[in-house]
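**Q** Encoded as structure tokens, here's the structure I'll be asking about.
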Amino acid sequence: MAIRSFHRAATPEEAVRLLRAGGARTFYVAGGTDLLSSQEPLDAVVSVREALRYLRREEAEFVVGASATVSMVEAWEELARADGGLLRSCARDFATWQIRNLATIGGNLASAVPSADFAPPLLVLDARCVVQGTEDRREVPLSEFFAGAHESVLGADLLVEIRFEEPAPRSGLAWEKIGRTDGDIAIVNAAARIDRDGKKCREARLALGAVAPTPFRAREAEEFLRGKEPDAKTIARAAELAAAAARPIDDQRASAAYRKAMGELLARRVLAAAAEGRGGR
Amino acid sequence: MNLDLHCTVNGEPKSFRIAPGDRLSEVLRREGYFSVKVGCSTGDCGTCTVLLDGEPIVSCLLLAAEAEGHEILTVEGLAKGRELHPLQKAFLDEGAVQCGFCTPAMLLAAKALLDRDPDPSEKAIRRSLAGTLCRCTGYENPVRAVQKAAERMKEEAR
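Listed in order, the protein sequences are those of chains A and B.
Convert by adding 121 to the 1-based position in the first sequence; the result is the number in the numbering used here.
Convert by adding 5 to the 1-based position in the second sequence; the result is the number in the numbering used here.
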């Protein structure tokens, strides 16, 4: 494809400088799977593929470098033990092996597509995005990271890493996705986390993707569940509230009506699984 | 602004003159590695699969410049001289090759699988081949070929 120059950044600071020195159509590249599947000519690319390719555990926090691949996350045993396999099951449903070895978690979020598979599970993990600007580094909660379809708060800044705390040992976490085929882009995806207090929900988190311009936390549903026993009826009502917050569109994969119906179904499924304390699918 | 790419292809150190926007699939074909097919250039068909440091990737979605310092394996590097790799033999024996366009990708994905898991389940084999579109075989014979190759490789290792 037509790209005038290729730069490899050794550090996030250097990447941000290089991007600003490039022409109007200069992009960061991590895995490259989104950038290279388009054919539009570019001025330059600034590669952070090697610089941000890491996974770390820092005390109670998991740190995912923006260029860590889907396969790396899938293989991370320590994480799978801590999150009940939530991110691993999300990774397993993601595209094909050949793509999972290239595509990155940072790219999945920074492309800001409504169907980004890693958004719902990271939203229920209360993940924060570490963002490098020209002067300094800041943290943005993932719930405030998406600004619209294909739009994030990044601008010319760089997503460096994603951080989240280890969920409590008794958190129930769940992930679900509906696509036309295994590994296809999601028609709807969803994740939930329920922290129990005896029989009741101390706190519930629910996130849906591909049913609105951005992946989102279904706050009304979460509020409704707080302090209640998560029986089938309560969960069904919460799922209705979540679907009511959806703003889906028609496209080649599914109609808006189907998306809404499936959003409600997946909300019910992930909440039921999370209430039982199960991990990912 | 062209640049020099230094990498290892099939065990040999190589240096290629490339453009910044060249996809790895384009460079490999230009340099004569014709087992690497280009079906779609959007990462959908999988026929441009190569192993990068032992991991299968679609080479159409990697800028060639990113391969700097890395090891690439194509099907040209599978056979030892005139001795075919057990996977290649098994694909022939099981009739797993029809038009042949996707065969190199299937062989490499299967090799990456067997390198990790010498005794894979049928499910694992199907999952490893799922990234390669095949419009001829219906996948049955390729799956059997990988099973047969795994058996033979285990016997040889004994």
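C-beta atoms are modelled at their ideal positions from N, C-alpha and C, and glycine is treated no differently.
Source: prediction; values computed, not measured.
Chain B beta carbons: is any one of them nearer than 8 Å to that of F345 of chain A?
**A** Start at 1 with the first residue of the first sequence, and residue 345 of chain A comes out as number 224. Chain B contact via Cβ: absent.
**Q** What does N222 of chain A reach in chain B if we use C-beta pairs closer than 7 Å?
**A** Against the first sequence, residue 222 of chain A aligns to sequence position 101. Ordered by position in chain B, the residues that pass the 7 Å Cβ test against N222 of chain A are E60, P61, I62.
**Q** Quick one: complete beta strand (DSSP E) runs, 3+ long, within the segment 180-256 of chain A?
**A** 182-186, 249-253
**Q** Among A:A233, A:A151, A:F345, which has the Cα closest to the Cα of P334 of chain A?
**A** What you label residue 334 of chain A is simply residue 213 of the first sequence in a count that begins at 1. Measuring from the Cα of P334 of chain A, the nearest candidate turns out to be A:A233.
**Q** Would you list, in chain order, the members of the segment 123-143 of chain A that have their beta-carbon closer than 8 Å to a beta-carbon of chain B?
**A** A123, I124, R125, S126, F127, R129
**Q** With 16 as the cutoff for other CB atoms within 10 Å, does L97 of chain B come out buried or exposed?
**A** The count along the second sequence starts at 1 and reaches residue 97 of chain B at position 92. Exposed, because fewer than 16 other Cβ atoms sit within 10 Å of the Cβ of L97 of chain B.
**Q** Can you find the residues in the same chain that come closer than 6 Å, C-beta to C-beta, to V191 of chain A, ignoring five residues on each side of it along the sequence?
**A** Reading the first sequence from its first residue, position 70 is the one you call residue 191 of chain A. Excluding residues within five positions, the ones whose Cβ falls inside 6 Å are A212, F215, R221, A224.
**Q** What residues of chain A sit near L66 of chain B, judged by a beta carbon separation below 7 Å?
**A** Locating residue 66 of chain B in the second sequence gives position 61, counting from the first residue. Under the 7 Å cutoff, chain A gives G153, T154, L157, S158, L223.
**Q** So which of B:D120, B:P123, B:L113 has the shortest CA-CA distance to A135 of chain B?
**A** Stepping through the second sequence from its first residue, residue 135 of chain B is reached at position 130. Comparing Cα-Cα distances from A135 of chain B to each of B:D120, B:P123, B:L113, the minimum goes to B:L113.
**Q** Starting from K311 of chain A, follow its DSSP beta bridges and name the residues at the other end.
**A** For the purposes of this step, residue 311 of chain A is taken as the residue at position 190 of the first sequence. A small fix is needed here, since residue 311 of chain A is Ala in this sequence, not Lys. DSSP output for A311 of chain A lists A:E297, A:L329 as bridge partner(s).
**Q** Shortest alpha-carbon distance to L244 of chain A belongs to which of A:E198, A:L208, A:A270?
**A** Stepping through the first sequence from its first residue, residue 244 of chain A is reached at position 123. Relative to L244 of chain A, the option among A:E198, A:L208, A:A270 whose CA is nearest is A:L208.
**Q** With three or more beta-carbon pairs closer than 8 Å as the criterion, would you say the segment 197-206 of chain A touches the segment 275-295 of chain A?
**A** yes
**Q** Using beta-carbon positions only, say whether A365 of chain A and A388 of chain A come within less than 8 Å of one another.
**A** Residue numbering aside, residue 365 of chain A sits at position 244 when the first sequence is read from its first letter. Residue numbering aside, residue 388 of chain A sits at position 267 when the first sequence is read from its first letter. Not closer than 8 Å, so no.
**Q** Would you identify the three-state DSSP class for C65 of chain B, choosing helix, strand or coil?
**A** For the purposes of this step, residue 65 of chain B is identified with residue 60 of the second sequence, where counting begins at 1. Of the three classes helix, strand and coil, the one that applies to C65 of chain B here is helix, per DSSP.
**Q** Between I23 of chain B and L279 of chain A, what straight-line distance do the alpha-carbon atoms span, to the nearest angstrom?
**A** Here the question's residue 23 of chain B lines up with position 18 in the second sequence. Here the question's residue 279 of chain A lines up with position 158 in the first sequence. Each residue's alpha carbon lies about 27 Å from the other.
**Q** Contact check, L92 of chain B vs K116 of chain B under 8 Å by CB: the rounded distance?
**A** In the second sequence, the residue the question calls residue 92 of chain B occupies position 87. In the second sequence, the residue the question calls residue 116 of chain B occupies position 111. The Cβ separation is near 6 Å, so the contact holds.
**Q** In angstroms with no decimal places, state the Cα-to-Cα distance between C141 of chain B and A145 of chain A.
**A** Counting from 1 along the second sequence, the entry for residue 141 of chain B is found at position 136. Counting from 1 along the first sequence, the entry for residue 145 of chain A is found at position 24. Between C141 of chain B and A145 of chain A, the C-alpha separation is close to 45 Å.
**Q** Suppose you measure from the CA of R177 of chain A to the CA of V184 of chain A; what does that come to, to the nearest Å?
**A** Start at 1 with the first residue of the first sequence, and residue 177 of chain A comes out as number 56. Start at 1 with the first residue of the first sequence, and residue 184 of chain A comes out as number 63. Distance between R177 of chain A and V184 of chain A, taken at the CA atoms: about 5 Å.
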